[in-house]
Each structure stands twice: as structure tokens, then as C-alpha cells.
Amino acid sequence: MRIVRVLMVVAIVFLLIAFGFSKKNWDEKIGQHAQQASVHTVNKVAEAESSAEKEEVETVADDSEETGTSDVKDEEAEASEPTEEKAEEKSEFYTLLADQKISSIKLLGDGITAGYGHSAYLAPDGGRIIFSGNGETFREAGKEFGSWANELRNYVDKPEFGNIEVVNAGIRDKTADWAYRNLDGLLKPEEEAVIVMIGTDDRIFSSLEAYEATMRNLLAEVDKRSEYMVVMSPPPSKEDLKPYKFTMEEIDGVLKKLSEENGYLFVSQFDAFQERLANGVAYESLMQTESSNPQNGGYELIWQTMQEELGLE
1 MRIVRVLMVV AIVFLLIAFG FSKKNWDEKI GQHAQQASVH TVNKVAEAES
51 SAEKEEVETV ADDSEETGTS DVKDEEAEAS EPTEEKAEEK SEFYTLLADQ
101 KISSIKLLGD GITAGYGHSA YLAPDGGRII FSGNGETFRE AGKEFGSWAN
151 ELRNYVDKPE FGNIEVVNAG IRDKTADWAY RNLDGLLKPE EEAVIVMIGT
201 DDRIFSSLEA YEATMRNLLA EVDKRSEYMV VMSPPPSKED LKPYKFTMEE
251 IDGVLKKLSE ENGYLFVSQF DAFQERLANG VAYESLMQTE SSNPQNGGYE
301 LIWQTMQEEL GLE
């Protein structure tokens with residue numbers, strides 16, 4: 001009986017020891033699991049924070065790129081948009097008029113400058129004398145009909161431009177050669193503004209080389225005597241009216257060449273008319289068919305071209 005009790009005590013002790021070891025292992029496993037779970041949780045949080053930071057950086061970068069692109073586009077748009085200063089730029093001729101620095105304009109030319117060919121053309125007997133010499137006297141064409149000279153006269157007759165005198169020294173059937181030889185009778189030693197358009201009739205009496213030499217000398221002298229000079233080529237006319245020695249296109253080429261070489265302000269009436277003709281405008285609506293002078297519509301086109309090229313609003 002006593003032995004049985006001893007064995008029971010030993011068994012109980014053994015069970016208690018076994019239980020203690022089992023509990024210790026269990027606690028260790030629980031701790032390991034808890035530690036692993038904690039580490040896993042920390043890693044997850046770190047990864048989440050890293051991912052969030054990455055997304056935030058990418059978002060900022062995208063915003064920065066978009067902002068940069070927008071800024072560039074805005075700058076390009078501003079650069080492409082005309083500034084008020086550019087929009088307000090005027091031609092030199094207009095500026096001189098507006099500043100009232102021009103009080104006289106002399107027109108030097110032939111019948112196209114005089115306005116011959118217009119249906120209302122008139123050269124009154126009592127008109128102002130524009131040339132007298134060598135037994136010849138010529139008077140200024142009338143001021144009431146629609147020549148380009150009179151359109152210019154009406155345009156500058158505004159209070160904001162002051163008092164401007166326009167002298168139309170265009171004389172029918174005269175050549176550049178004649179004008180150069182008689183320049184002292186046509187121009188003062190000092191002129192303010194001079195507009196030159198002459199050469200249509202030189203085709204009858206001269207060669208192209210001689211015309212170029214004459215115009216080189218004529219324009220140089222006019223430029224010397226004036227503060228502001230405009231060179232214009234005459235409009236095209238029929239080439240079979242007479243046995244011409246060169247063409248209106250060649251006249252235009254000579255005047256372009258001389259203007260480029262010497263820095264003269266050049267207006268090509270020849271090009272303006274050719275453009276209209278190429279767009280289907282009838283020649284007869286612009287030019288006479290029996291002479292080299294413009295019709296009413298041609299004089300309107302000469303004035304429109306001058307307005308565009310000289311910046312006259």
C-alpha cells in the first residue's frame with residue numbers, strides 16, 4: 001500500500017514536470033508566432049509607407065511635369081501673340097505724316113501719275129504750272145477725279161496730318177530720260193517727300209540698258225534732293241500697241257534691282273496688277289486696250305496697293 005502511494009506521488013511529480021516543460025515550449029512558440037506576426041506587420045506598414053511615399057513622389061513629379069509643360073505652352077503662347085507694341089507699329093511714311101513732319105509731297109511721273117485714262121480726267125487751262133522751260137509749259141491735272149494722285153491728296157487732307165501740299169508733276173507722254181534732263185524744272189533743290197513712277201514710254205525710244213542707266217541717275221538725284229522717296233513701278237500694259245524695245249516686266253525688274261541695291265522704298269504696281277489678273281480679274285477692267293493707261297478700276301488698284309505697301313490706314 002505504501003509502495004502504491006510512493007508510485008502515485010512519483011507519477012504526479014513526473015506529470016507536473018512534463019506539464020511544465022510543455023507549457024514552456026508552448027509559451028516559446030506563442031512568443032515566436034507573436035514576434036513573427038509583429039515583424040510581418042511592421043514590414044507591411046513599412047512597405048505601405050514606402051509605396052505611399054513613392055506614389056506621392058510620382059504624383060509630385062507628374063504635377064511638376066504638367067506644370068512645366070503648361071508654363072512652356074503659356075510662354076510659347078505669349079511669344080506667339082502679338083504684343084500691343086507690335087500691333088501699334090506704323091510705317092515710316094505714316095509716322096512722318098502723323099508727326100506732321102511732311103508738309104509737301106511731290107509726284108514725279110508721266111500720264112499715269114497725271115491720271116490720264118480715267119473717265120473724268122481733266123487738265124484745266126488755269127491749273128498750277130508744274131513745268132515751264134524749253135518752250136514748253138505744263139499744268140497740273142485736275143483735283144476732282146479719282147486718280148491715285150487725288151486719292152492720296154484726299155487721304156492726307158486730315159487735321160491730324162497738318163497742312164500738306166500735294167503737287168502732281170505727272171506729265172503725259174514724258175520719259176524718264178526727259179525727266180532726268182529737266183529735273184531742275186520739276187524738283188526744288190530740297191523736297192520733303194517725292195514719289196517716282198515713270199518709264200512706260202521709255203520702251204518706245206530707249207533700250208533697256210539705257211533706261212536702267214537713266215533711272216539709276218534719276219533716282220540717285222531725287223534721293224539726294226528729298227528727305228523721303230518712294231519708287232513705284234508702273235502697271236503692266238499690252239506689249240503689242242507699239243514696237244516696244246523692252247517690256248513692262250523688265251521695267252519692274254530694273255526698278256526692283258535699283259531699289260534693293262540702294263535701299264529705296266519700292267512699291268511694285270506691276271506685281272499687284274499681275275496678281276489680280278492671275279485671279280481672274282479682266283484686263284479691260286483695269287487697263288485701256290488701245291493705250292498703256294489705266295481704266296478707273298486700275299487707278300483704284302494703284303491707290304489700294306499704295307495704302308497697303310505704305311501702311312496708310
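Heads up: the sequence shown begins at 1 in UniProt numbering, then just goes up one per residue.
We treat Cβ as the ideally placed atom computed from N, Cα and C, and that holds for glycine.
By a C-beta neighbour count over all protein chains shown, 10 Å radius and 16 as the cutoff for buried, is residue 269 buried or exposed?
buried
Looking at residue 191 and residue 226, is the spacing between their C-beta atoms short of 8 Å?
yes
So, using beta-carbon positions, are residue 149 and residue 107 closer together than 8 Å?
yes
In whole angstroms, give me the CA-to-CA distance for residue 147 and residue 300.
7 Å
Contacting residues, own chain, Cβ-Cβ under 6 Å from residue 61 (five flanking each side not counted):
Annotation note: pLDDT 43 at residue 61 (below 50); position unreliable, no value reported.
Applying the 10 Å Cβ sphere with the 16-neighbour rule, what's the burial state of residue 316?
Since the first residue of the chain shown is 1 and the last is 313, residue 316 is not available in this structure.
Pairs of beta-carbons, one from the region 282-289 and one from the region 244-255, closer than 8 Å: are there three or more?
no
At the level of alpha carbons, what is the spacing between residue 94 and residue 198?
23 Å
Any chance you could list the beta strand (DSSP E) runs of at least 3 consecutive residues sitting entirely within the region 103-129, in chain order?
104-109
Count the other CB atoms, across all protein chains shown, that sit within 10 Å of the CB of residue 32; report buried if there are 16 or more and exposed otherwise.
Here residue 32 scores only 47 on pLDDT, less than 50, and its place in the model should not be relied on; the value that follows carries that caveat. So residue 32 ends up on the exposed side.
Which term fits residue 242, buried or exposed, when burial requires 16 or more other beta carbons within 10 angstroms of its beta carbon?
exposed
Skipping 5 residues on each side, what residues in its chain have a beta carbon closer than 7 Å to that of residue 57?
Only weak support exists for where residue 57 lies, its pLDDT of 39 falling under 50; the value from the coordinates is given anyway. Excluding residues within five positions, none has a Cβ falling inside 7 Å.
Along the chain, where does the beta strand (DSSP E) containing residue 282 start, and where does it finish?
Residue 282 -> no beta strand (DSSP E), and no H or E assigned at all.
Helix or strand or just coil, what does DSSP make of residue 294?
strand
Proximity below 8 Å, CB of residue 306 to CB of residue 152:
yes
Among 121, 105, 104, which one has its Cα closest to the Cα of residue 111?
121
Nearest-angstrom Cα distance between residue 236 and residue 292?
8 Å
For residue 279, count neighbouring C-beta atoms within 10 Å of its own C-beta (all shown protein chains included) and say buried if the count is 16 or more, exposed if not.
exposed
With H, G and I counted as helix, E and B as strand and the rest as coil, what does DSSP make of residue 145?
coil
Look at the Cβ atom of residue 264, then the Cβ atom of residue 223, and state whether they are nearer than 8 Å.
yes
Distance between beta carbons of residue 113 and residue 168, contact taken as under 8 Å
7 Å
How is residue 137 classed by DSSP in three states: helix, strand or coil?
strand
Would you mind stating whether residue 230 and residue 267 have Cβ atoms separated by less than 8 Å?
yes
Which listed residue (137, 178, 288, 159) has its alpha carbon closest to that of residue 204:
178
Integer-rounded CB distance, given that residue 217 should sit under 8 Å from residue 180
6 Å
Could you check what DSSP says for residue 199 in three-state terms: helix, strand or coil?
coil
Hey, how far is the Cα of residue 174 from the Cα of residue 276?
27 Å
Nonlocal neighbours in the same chain, by C-beta distance under 7 Å from residue 311, ignoring five residues either side:
90, 91, 93, 94
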